[in-house]
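Since the structure comes first, as structure tokens, the remarks are kept for the end.
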């Protein structure tokens, strides 16, 4: 059985708005490897529509940095599940829409897949965190104080504190 892993970039003050963090080769390489090791990427509609068509276009244009191209290739080859009630269709061949309750599908995928399920975004993973369905967290903290923007777990009321164990 695989783990449900939530990975996200955020600033020191907890801002996870992608316009407030800085990328860079090392971070792109890290996430490309993470995606390559996962069996499945799971997103909500908003994050999916941020990622697609952006990364598939990067891969097609072949004019970006080596790290961007590596991330784009890893992203494009990964299987993806998009949880949405409003999305009409997916834009890439490795994606499918799931309209059932996310918790039911995640539990089913976790049992049948055997590989890790990598979550991206904010709202969808926050929902799964609230339900206690996230097994592991990977936080990449940027040495920036943004002072504004969406915060990690905004609007989520946890039933109890999450006691995490620092691994690295």
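Residue numbers (the numbering used here): 710 to 877. Cβ coordinates follow ideal geometry from the N, Cα and C atoms, glycine included.
Tell me the DSSP secondary structure of residue 779 in three-state form. By one-based count along the chain shown, residue 779 stands at place 70. Helix, per DSSP.
Less than 9 Å between the C-beta atoms of residue 756 and residue 851, yes or no? Counting from 1 along the chain shown, the entry for residue 756 is found at position 47. Counting from 1 along the chain shown, the entry for residue 851 is found at position 142. Result no, Cβ atoms of residue 756 and residue 851 do not sit closer than 9 Å.
Quick check: what's the CA-CA separation for residue 774 versus residue 832? Walking along the chain shown from the start, residue 774 turns up at place 65. Walking along the chain shown from the start, residue 832 turns up at place 123. Cα to Cα, residue 774 sits roughly 30 Å from residue 832.
Locate the beta strand (DSSP E) running through residue 802, then write down its first and last residues. By one-based count along the chain shown, residue 802 stands at place 93. Taken as a continuous stretch (DSSP letters only), residue 802 belongs to no beta strand (DSSP E), as it is neither H nor E.
Check each candidate in 795, 835, 715 and name the one with the smallest Cα separation from residue 758. The count along the chain shown starts at 1 and reaches residue 758 at position 49. Ranked by Cα distance from residue 758, the options 795, 835, 715 are led by 795.
Within 8 Å, do at least three Cβ pairs link the segment 845-862 to the segment 774-784? no
Rounded C-alpha distance that separates residue 714 from residue 815: Walking along the chain shown from the start, residue 714 turns up at place 5. Walking along the chain shown from the start, residue 815 turns up at place 106. Rounded to the nearest angstrom, the two C-alpha atoms are 11 Å apart.
With burial defined as no fewer than 16 other Cβ atoms inside 10 Å of the residue's Cβ, what is the status of residue 876: buried or exposed? For this step, residue 876 is matched to residue 167 along the chain shown. Its Cβ having fewer than 16 others within 10 Å, residue 876 is exposed.
Roughly how many whole angstroms lie between the Cα atoms of residue 738 and residue 821? Counting from 1 along the chain shown, the entry for residue 738 is found at position 29. Counting from 1 along the chain shown, the entry for residue 821 is found at position 112. Separation of residue 738 and residue 821 (C-alpha to C-alpha, rounded to the nearest whole angstrom) is 28 Å.
What's the C-alpha gap between residue 827 and residue 764? Against the chain shown, residue 827 aligns to sequence position 118. Against the chain shown, residue 764 aligns to sequence position 55. The straight-line gap from Cα to Cα measures roughly 17 Å.
Limits of the unbroken beta strand (DSSP E) element including residue 849: For the purposes of this step, residue 849 is identified with residue 140 of the chain shown, where counting begins at 1. Its beta strand (DSSP E) spans residues 845-851.
Could you tell me which whole alpha helix (DSSP H) segments of length 4 or greater appear in the segment 749-799? 754-760, 763-770, 775-786
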